Ligand code: ZN
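Residue numbers (my numbering): 27 to 312.
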């Protein structure tokens, strides 16, 4: 009997123990629920803060940002499209295009009047840095480009080539009229006064080192970079600077692009934005 009694007692004690455990678990659960509710309330309060207290970039709390993401690639206004116009072997300048020009140095070289001030500022800043940069080519007229080209054709014919072959060969040596950036009045060839040579060695001069580092601050880019020849179709030219305006120059500089790539990216962005405007809005990363 005694053993049966004690077994019963044990069973009661076990039951009590179980009940205790259940109470503890229930208590913990209730505590957790209260905590979760409080946290949820705080999070809601955060989201309900007025927009101007949350910076646009850190708006991660809100699932639906009110402002669309800013376009990454700067696009110039309609009236400034002249700054970024692409001129190359497949994108020709319209026949007879002549910008308003001003003389930019004592040698009489001319530049697009709208960009001349920035060119002068860049040259002056380089001189202020103790350097001696020199413009050795700037605006080139249609007549000049035609003359250069025709001369080259004759030169090639003199090597014994028939006219058509000489004509094609000349295209590889002299820029075909209408495809030279110098005809836009927005390109300048700048060399070191102490090293007036148009080849790769130009990049070693202190003048080029300075210009490559600072040209974007004045709205210029090195138009034919070393690693972009396949895209530009032009050899590396560490002397040919092209005006594209401050905003685009900075973008191209910071992203290591050439002008063709900028236009490509811009076209892609435009196509993307056009698609997004006809579809339900999605805020994707990147
Ligand atoms: Zn040039």
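Every residue gets a Cβ at the ideal spot worked out from N, C-alpha and C, and that includes glycine.
Here the structure is a predicted model, which is why all the values come from computation and not from measurement.
- Spatial neighbours of residue 245 in its own chain (CB-CB distance under 6 Å, excluding positions within 5 residues in sequence) are listed in chain order as 144, 269, 271, 272, 275.
- Within a 10 Å sphere around the beta-carbon of residue 261 sit fewer than 16 other beta-carbons, which makes this residue exposed.
- In the DSSP secondary-structure assignment, residue 138 is bridged to 127.
- In the three-state scheme derived from DSSP, where H, G and I count as helix and E and B as strand, residue 217 is classed as strand.
- Sorting 109, 179, 231 by C-alpha distance to the C-alpha of residue 198 places 179 at the top.
- Partner residues in the beta bridge of residue 159, as assigned by DSSP, are 218.
- If you ignore the 5 residues before and after residue 101, its C-beta comes within less than 7 Å of the C-beta of 292, all in its own chain and listed in chain order.
- Counting C-beta pairs closer than 8 Å gives fewer than three between the segment 178-194 and the segment 211-227, which falls short of the contact rule.
- Around residue 113, the same chain offers 119, 207, 210 as residues with beta carbons nearer than 6 Å, after the five sequence neighbours per side are excluded.
- Under the three-state reduction of DSSP output, residue 119 falls in the coil class, being neither helix nor strand.
- What you get when you keep residues with a C-beta closer than 5 Å to any heavy atom of the ligand ZN is 215, 266.
- Distance between residue 107 and residue 191, taken at the CA atoms: about 37 Å.
- With contact defined as three or more Cβ pairs closer than 8 Å, the segment 133-149 and the segment 160-169 are in contact.
- Distance check between residue 289 and each of 226, 99, 125 places 99 closest, using alpha-carbon atoms only.
- Between the alpha carbons of residue 123 and residue 134 lies a distance of about 20 Å.
- Of the candidates 302, 287, 237, the residue whose Cα lies closest to the Cα of residue 111 is 287.
- Residue 279: member of the alpha helix (DSSP H) spanning 272-281, first to last residue.
- The beta carbon of residue 172 sits closer than 8 Å to the beta carbons of 203 from its chain, once the five residues preceding and following it are set aside; these are given in chain order.
- Within the same chain, no Cβ atom closer than 6 Å to the Cβ of residue 240 is found once the five residues on either side in sequence are excluded.
- Annotated three-state conformation of residue 212 is coil, per DSSP.
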